[in-house]
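Below is one structure, written out as structure tokens; the observations come after it.
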Amino acid sequence: MIISQSFLKGSVKEKMDALQSEVDSPATVVLSDSADPATHAQLMTDGCDAVLYSGLAVEQIRNVIETILEKRSRLAQKRFFAPQPLAEPRLSDFVSQSSGMASFMNLVPRVVQSESTLLLEGETGVGKERLASAIHSEGPRSNGRFVALNCGALPEHLIESELFGYVRGAFTGATASRRGWFEIAHNGTLFLDEVGEIPVHLQVKLLRAIQEHEVQPIGSEKSFSVDVRIIAASNRPLESDVESGHFRRDLYHRLSVVKVVIPPLREHPEDIPTLVNRHIPYISRQLGRRVSGISEKAMDVLCRYSWPGNLRELNNVIERAILLCDDMEIDLVHLADPSERTLGKGISVQKAESPRDHSETDSTHHLRLPKHWLGKQLKDVREYLLFDLERQYIEGLLIAAKGRIGEAANKAGILERSLYGKMKKLGIRKEAFRS
Ligand SMILES: Nc1ncnc2c1ncn2[C@@H]1O[C@H](COP(=O)(O)OP(=O)(O)OP(=O)(O)O)[C@@H](O)[C@H]1O
Ligand SMILES: [Mg+2]
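Using our numbering, the final residue of the sequence shown is 474, and nothing's skipped along the way.
Listed below in structure tokens is the structure:
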């Protein structure tokens with residue numbers, strides 16, 4: 040936005056603040072009749088992005104503006120595709136209106152101040168890690184570190200060294216000592232995600248570390264004390280692993296001094312409108328879009344869907360809808376999968392009765408791409424589309440294999456573990472394919 044200085048009579052700062060508060064606030068270039076550097080400095084202090092003397096040659100002014108536009112476009116692209124962390128996890132993220140969440144809501148405030156070991160159970164994507172992080176940052180250990188270790192994603196032989204560290208020479212390749220996560224989390228919280236994946240032979244060592252607050256790095260003769268709060272998580276009932284002999288009963292009892300089960304989203308659909316309305320402005324801002332709401336019909340579809348991937352899937356659907364939406368409001372058409380026109384399984388999303396603007400979409404219709412994607416780089420578009428195709432492919436395999444991971448992984452020619460990893464990233468749950 041180019042402003043002549045006469046427009047800025049009165050408080051420049053107030054006008055700049057008003058402009059900056061817009062969702063898509065413009066870059067402001069002021070053409071000043073004054074060549075005085077002090078006047079220019081004051082205008083920049085008040086929030087103008089650039090101040091140019093109006094006596095400059097037109098060519099010079101054009102160069103400055105082109106550079107500013109280029110910078111903005113690069114920044115917008117970066118923001119658009121960069122993975123954005125959600126705002127700091129807070130306990131208030133989990134506030135619920137639903138009676139299905141009542142016992143969960145009763146228990147959580149009590150565990151925040153305590154030092155007890157905590158076991159969080161719940162399906163994938165319900166927010167176990169987010170809750171653990173919120174408990175840490177609102178509890179007495181908030182000055183220490185919150186360290187999250189996904190035991191399911193680590194090869195078995197690395198879990199021990201990751202947890203407890205090792206000393207130089209402990210094994211071939213240990214050319215220097217390395218601290219383990221217990222030590223790194225000293226005075227803080229150690230979050231052991233997918234704790235059921237820890238092999239039985241290591242469970243004894245973990246139990247000892249938790250009970251005696253002491254760890255012994257691999258290859259060391261000495262142990263040392265650590266002060267760590269343990270929060271463990273599992274996306275299947277850990278007790279079933281105890282029954283099947285894959286998890287030690289004594290460790291289970293030690294971890295589950297307090298057990299909190301986070302219910303799946305389908306058990307508290309009353310919360311979906313609040314979650315959606317809280318997410319839209321947040322994600323919209325993160326992506327630099329102006330979407331600020333959702334139509335009644337679209338909200339209705341979200342409320343009726345069963346959300347096998349829980350909060351993770353809901354967030355992904357909203358983010359995708361915001362990317363596809365050129366208006367202020369998300370509508371049915373933005374929730375649809377471009378090829379299937381369904382949102383997950385079970386809920387059909389009808390085509391919009393009259394597409395909003397034929398002239399805008401016609402030229403790109405055969406590509407099934409929103410027009411503004413043509414302004415993006417190939418690598419970004421490719422990454423986004425591959426994500427979608429990969430999800431459809433894996434869902435197809437799981438449907439054919441009736442949820443049997445081994446069979447699906449075999450067909451895909453990858454290891455079960457890496458299929459699990461992909462499913463998690465894509466928000467796919469095998470249980471959804473069992474029937
Ligand atoms: N109450 C919430 N409000 C907003 N976003 C949430 C909430 N709970 C979880 N999320 C988001 O959903 C996604 C999944 O959450 P998280 O990783 O904590 O789930 P999880 O239960 O640990 O899943 P998994 O078992 O697959 O590891 C994250 O992006 C998280 O920020
Ligand atoms: Mg997790």
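All C-beta atoms, glycine included, are put in the ideal place defined by N, C-alpha and C.
Using a 10 Å radius around the Cβ and a threshold of 16 neighbouring Cβ atoms, would you call His240 buried or exposed?
exposed
Leaving out the 5 sequence neighbours to the left and right, which residues in its chain are closer than 7 angstroms to Gly164 when beta-carbon positions are compared?
Gly348, Asn349, Leu350, Arg351, Glu352, Gly466
Quick one: Cα of Ala141 to Cα of Ser135, how far?
8 angstroms
On a Cα-Cα basis, can you pick out the residue from Glu199, Asn102, Phe210 that is closest to Trp220?
Glu199
Proximity winner among Cys190, Glu127, Glu422, Gln59, relative to Ala271 (alpha-carbon distances):
Cys190
Alpha carbon to alpha carbon, what distance is there between Leu413 and Ser402?
Unreliable placement is indicated for Ser402, whose pLDDT of 38 sits below 50; the coordinate value is still reported in the next sentence. Their Cα atoms are separated by approximately 11 angstroms.
May I ask which residues mark the beginning and end of the alpha helix (DSSP H) holding Gly96?
Reading the sequence as shown, one finds Ala at residue 96 and not Gly. It is not in any alpha helix (DSSP H) - Ala96 carries neither H nor E in the DSSP assignment.
Relative to the C-alpha of Arg101, which residue among Ser131, Leu70, Cys87, Lys336 is closest?
Leu70
Please find out if some non-hydrogen atom of ligand 2 comes closer than 7 angstroms to the beta-carbon of Ala192.
no
Could you check which residue in Asp88, Ser73, Asp75, Ala80 has the C-alpha nearest to that of Leu58?
Asp88
Is Val206 close to ligand 1? I mean its beta-carbon at under 7 angstroms from any heavy atom of the ligand.
no
List, from N- to C-terminal side, the beta strand (DSSP E) runs of 3 residues or more that fit wholly inside the segment 262 to 289.
268 to 273
Alpha-carbon spacing of Ala471 relative to Ile438, whole angstroms:
9 angstroms
Cβ atoms of Glu162 and Pro303: under 8 angstroms apart, would you say?
yes
Would you kindly check if the distance between the Cβ of Gly166 and the Cβ of Thr228 is under 8 angstroms?
no
Taking all protein chains shown into account, do 16 or more other C-beta atoms lie within 10 angstroms of the C-beta of Asp289, making it buried, or fewer, making it exposed?
exposed
For Asn145, which of helix, strand or coil comes out of DSSP?
helix
Classify Ala126 as buried or exposed, calling it buried when 16 or more other Cβ atoms lie within 10 Å of its own Cβ.
exposed
Cβ of Asp72 within 7 angstroms of any heavy atom in ligand 1?
no
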